[in-house]
Every structure is written in C-alpha cells, then in structure tokens.
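These notes concern the structure reproduced below.
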Amino acid sequence: MPSYTAPVNDIQFVLHALLKASAQDIPGYDELEADFTAAVLEEAGKIAGNVLAPLNAVGDAEGCVLENGVVRTPSGFKDAFEQMKQGGWTALDCDPEYGGQGMPVLLGTAVGELFSGANQAFTMYQGLTHGAYSAIHAHGTDAQKAKWLPKMVSCEWTGTMNLTEPHCGTDLGLMRTKAVPQEDGSYRISGQKIFISAGDHDMSENVVHLVLAKIPGGPEGIKGVSLFIVPKFLVDDEGNIGARNGVSVGKLEEKMGIHGNSTCVMNYDEAEGYLLGQEHKGMRAMFTMMNEARLGVAMQGMAQAEAAYQNAVIYAKDRLQGRAVTGAENPDGPADPLIVHPDIRRNLLDQKSFVEGARAFMLWGAYLLDKSHRSGDAEAEGLISLLTPVLKGFLTDRGLDMTVQAQQVYGGHGYIEEWGMSQFVRDARITQIYEGANGVQALDLVGRKLAADGGKHVMGFFELVKGFIKENEGDEALKKDFLEPLKSASKDLQAAGMFFMQNGMKNPNAALAGSYDFMHLFGHVCLGLMWARMAKAATEALASGEGNASFYETKLATGRYYMARQLPATKMHLARIESGAAPVMDLAAEAF
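Mapping the sequence shown onto the working numbering, position 563 (from 1) lands on 625, and the numbers just tick up by one.
Here it is as structure tokens:
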C-alpha cells in the first residue's frame, strides 16, 4: 500500500521564506507565525498520514453503495469524518460568526493539500461543503446564513453544487431544471442533475444542495438561470430537521477513479427550494463556488502528483535493477538501485520540480485571494481572476502527467493494482475535467481574461515579472540559471499575446486554436517565476547561515533543473500558437 508523508517543511518554506506570510499587511496574516503554522500543519499531517491515507485504497476498492435510497460510504470513512469534524478541520478558514476559526484561505489551502494528497475522494466531501458555504456566505440573506451556515461549517450538514444535466455540461444555458415560484416565497424544483460529487452519503445529518434552475418566463439561455438552496431534509425556523424533501438519488455513477466519493444522479421532484441571490443571476452566485473550487482542483492535481512522487522515490531507492554505467554503486548487492540511472533521475526530477513549483504557485494564488477578499485589493482580485484558469488547467494537466511518470518508475509493478500507483493516476484524471474542463479553462483565459479591463491584469503580470528580474539583475547567483531563462520565457508569453492581438479580431479561430498552448505557456512562466523567487529565498537563507543548508541547496538544484529542462517548453508552445488556425481548422469535419 502506498504511504503518505505531509511535506510540512516545503510548505513552511513557501509560507515563510517565499511569501513571508506573517509580515504581510493582510488582516489575519499576523497570526501566521512560523511556529503556529508548523503546529497546524504537523497536526493536519498526522491525520493525513495516519487516518486518511490508510483509507485511500479502501475507498478505491470498496467504493460507495446505494441501499434503499441512501448512499453508504466505504469502511472507516464515517469515523474519519467524525475526527475531522471534532478537530475543527472543516471550519479552519470559515467565518467565526458561524462557528469557523477565521483563518486565511492561505492556511486552509495548505492544510487542504495534505488531506487531498492523502485521500482525495474523502476530502471532497468537506471540500464541496466549503464551496456551498462560500456561495451562501457571499450571496445569502442574513436569515439564510443564520439557518444554513453553522451546521455546514461544522459539517453536521454537508453541501453540494448541482450544475450539469444529461444534455448539458459546459453550456448551462441549455438546462431544463425548472423552479416554479410558490405563494410562500419558496420554489418547487423539478429536474435531473448528473455527476454530483458527494450528492448523498451517510456521514452527515443533512445535505444542502445548491441547484441551478430556470424560473419559467425568465430570459432565454444562461441569463435565465437562478440558484437555489434545496436541502435533502426540510429544516424549520429553529433549525430542526423535518420531513424528507423531494430529492432522491437516481443512481451512483461508475467512475474511473475517486471511487470513495459518491458521484450521484440527483432527481428533483417538486422539491422545496429557496432562491439564493437574485432571480436570473444564478451564475454570479455559482461562480463564487466555481472560482474557489478551481483553486481547490488545482491543489488536487498537484497533491496527487506529490503523493505519487513520494512513493516513486521510495521505490527508486529500494528496487535493484542493473548497474550504473559509470560503475557499480551497490557493489555488495546483485544490482544497483533504480535511482542511479539517468533516465530515472530525469523522471523523478520532472516530478519534484513540478510539485514544488506548483505548490508555490498554488499558495501564491491563495495569498492573492486573501489579499483580494481581506484587504479589498483590486489589483490582487484582477490578478487571481487572470491566473485561476492557469492554475486549474496547468496544474491538473501536469499533475496527471506526473502521476503517470511516478507509475512509470515502477515498470510493470506500477500497472498492478496491489502497488496502488494506478489509483493516483485514476484519481488525478478527474481534475482535468470537473469544475470546468481544461479546454474551457483555456478558452476562458484567452477569450475573456486576457482582455479583461483592457488587458490591465496581464500587463500587470508582465510588469511583475519584469520588476522581479530588474530588482535582482545584479545577483550573479540568480542571473544565469534563473533570471535569464525567466526573461526569455516571459518574452515568449508576450509574443503569444501579441499574436492574439494582431490576429484574433480578424480571425477568432487563430486565437482559440492556440488557447490550450497559451494556458500551458503561461503556466510554465508562472512556475518559472515561482522558481526564481524560491531561488532568491534559498540563496538568502544560505547566506544567513540559518536553517538546514542541505534543504536550500536541494531547492536550488531542483530549481535549476526546472529552468533548464522544463521552462524551454515555452518556445514549443509559442511555435504552435504562431502557426495560427489553419493546421487546426483546415481539415473538413467529414474527414475525421
């Protein structure tokens, strides 16, 4: 069975050496002293390693079962969920007014990585609840917040988001679920939703569904969509659970991965629901959940890569196969360990350099969310809006790639279920699909985010990169290995943006055909920026003589690998983008 060890030291490095969290002028960040975050992460790491990780294979093997209309979760899940609730982990970054601990999103995201890396399917139950909590917190009335949030914060009640229908996924304007207004101000919700993660289970007293539906007579398409609170069980004004609502599970989906999470077909038959936010403005409220969820999914992609990498390293050091070409390194044994071979080193360094760069990018994204929400910083809000599709698309695409590479280290054993490596691949695969498939993320990035506010935010990103390079250009320790590659990659990104500007208006397909490559190009530049920043932090730490010198030297060597071996991919992506629409669009549909 695979093991999992919380990467506390690396997270601490990002929080304190890179982001300098406790020194930031953001409300609540003064609490994020190194000793405090270390204590939180160590405790979360114990639960991740000792409670959740052993249940990961159990959930994968057993899956969920639908019995008499109720979903039963895998063995051990209920007890583990109780431990999460009792430890206050579900409430870490929720509003204290409703029973939360009020910690920043930054800390919640760091802790979330540990839980997700240990057991993604399990952690989704509280993750979906947090998304629903956020939507009600942002768009609900005071009465709605008082009624629903306290028990969602504690996860006594869990939550979901219901978007997709059998005939529509991305194009939500095609939905048929309807919401008929009643005299008492409630609505009757009727329709079917599919692919609903954590749609029903036996670990909470109630499930609070947030459901997109159309009110008859409203505008056509997406402009006529509203959002509703639809509980599994009705709740009176005192918060007591009453009769079963007209909500049922049609079936459980049989899936490639995340077997421990109950992915349901949900049927709504005249179910009682309550409008959340304004009529016909459902997408605005839903995107509160979607944007938070997209950062969470980016985190899942890199967390699966981290877990797979940890196990691949153990195997590479333990498995004896062949001899090093430069001479035996294990002369007393029958063969050398796999890790002596250059191609295995390349494989592992691909993983290590991605995971550590992605972690920094993800936590920087969480920091920008905090800066936006807690400080009202419009620049941070614009930047994280721009970067959200890059975080979600790039980290999940590359995260899956890294789980496959980790599986490859095992050779045939990686393909055999008893070693557990295929689960990382199968669980990571969904991250490219849900919360907006990655192709849609790329379209959103190029079609909407680049031009937002007159291109102000992407220009701000370029200035941020340029400013970092200029500020550190006199540092010879950084210049050749980090600053020059970053400058070159940033120029590739700017050239791609210029191509879109010059060609996109007269031929939109010229931009959209290159959108996926642009998302990856942007992702590489972001990881290049993170590695350059981390190299600066590691160099400063080494110069101070404080801390573990070996850790910082390893960080620099890993960063140099990324800059030399991964970042040049920007040139490939730029070449593809500049080839325009013709290679993609010239072949007639009937010729496929």
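Beta carbons: idealized from backbone N, C-alpha and C, even for Gly.
- Distance from the CA atom of residue 612 to the CA atom of residue 618, rounded to whole angstroms, is 10 Å.
- Around the Cβ of residue 414, a 10 Å sphere holds 16 or more other Cβ atoms; the residue is buried.
- Relative to the Cα of residue 110, the nearest Cα in the group 183, 164 and 161 belongs to 183.
- Non-local beta-carbon contacts of residue 364 in its own chain, meaning distances under 7 Å to residues more than five positions away in sequence, involve 417, 420, 421, 424, 457 and 461 in chain order.
- The Cβ neighbour count for residue 450, taken over all protein chains shown within 10 Å, is at least 16; the residue is labelled buried.
- One alpha carbon belongs to residue 520, the other to residue 171, and they sit about 24 Å apart.
- In this structure, DSSP gives residue 250 an extended state, which the three-state scheme calls strand.
- Put simply, the backbone Cα of residue 235 is about 11 Å away from that of residue 342.
- In this structure, DSSP gives residue 223 an extended state, which the three-state scheme calls strand.
- Residue 493 is positioned such that its CB atom lies no closer than 8 Å to that of residue 539.
- Taking residue 126 as reference, the option from 114, 139 and 116 with the minimal CA-CA separation is 139.
- In the DSSP annotation of this structure, residue 342 is not part of any beta strand (DSSP E), being labelled neither H nor E.
- For residue 136, same chain residues with a beta-carbon under 6 Å away, outside a window of 5 residues either side, are 120, 121, 124 and 322 in chain order.
- Excluding five sequence positions before and after residue 524, the CB atoms of its chain that fall closer than 8 Å to its own CB belong to 552, 555 and 556, given in chain order.
- For residue 529, the enclosing alpha helix (DSSP H) covers residues 518-534.
- In this structure, residue 614 lies away from residue 411, with their beta-carbon atoms at least 8 Å apart.
- Taking a 10 Å sphere around the C-beta of residue 478, we find fewer than 16 other C-beta atoms and assign the residue as exposed.
- Between residue 465 and residue 305, the gap from beta carbon to beta carbon reaches 8 Å or more.
- About 6 Å separates the beta carbon of residue 270 from that of residue 214, a gap short enough to meet the 8 Å contact definition.
- A contact is defined here as three or more CB-CB pairs under 8 Å, and the region 188-207 fails this definition with respect to the region 226-235.
- For residue 326 against residue 258, the beta-carbon gap comes to about 5 Å, under 8 Å, which counts as contact.
- One Cα belongs to residue 65, the other to residue 104, and the distance between them is close to 16 Å.
- Setting aside the 5 residues that flank it on each side, residue 339 is surrounded in the same chain by 201, 289, 346 and 347, each with a C-beta closer than 7 Å to its C-beta; the list follows chain order.
- Residue state for residue 271 is assigned as strand, using DSSP reduced to three classes.
- Using a Cβ-Cβ distance cut-off of 8 Å, the region 627-647 and the region 568-581 are in contact, since at least three pairs of beta carbons, one from each stretch, lie closer than that value.
- Residue 334 sits in a strand when the DSSP states are folded into three classes.
- Listed in chain order, the alpha helix (DSSP H) elements of length 4 or more contained wholly in the region 340-374 amount to none.
- Taking C-beta atoms as the reference points, residue 276 and residue 286 count as a pair closer than 8 Å.
- With contacts defined by Cβ atoms closer than 8 Å, residue 471 and residue 378 form a contacting pair.
- If you draw a 10 Å sphere on the C-beta of residue 392, you find fewer than 16 other C-beta atoms in it, and that means exposed.
- Under the three-state reduction of DSSP output, residue 259 falls in the strand class.
- Positions of the alpha helix (DSSP H) runs, each at least 4 residues long and wholly inside the region 560-634, are given as 570-574, 577-606 and 611-623 in order along the chain.
- Under a 10 Å Cβ-count criterion, residue 98 is classified as exposed, with fewer than 16 other Cβ atoms of the shown protein chains found around its own Cβ.
- Sorting 307, 185, 371 and 302 by C-alpha distance to the C-alpha of residue 359 places 185 at the top.
- The three-state reading of DSSP puts residue 265 in coil, since its state is none of H, G, I, E or B.
- For residue 134 and residue 407, the gap between their C-alpha atoms comes out near 43 Å.
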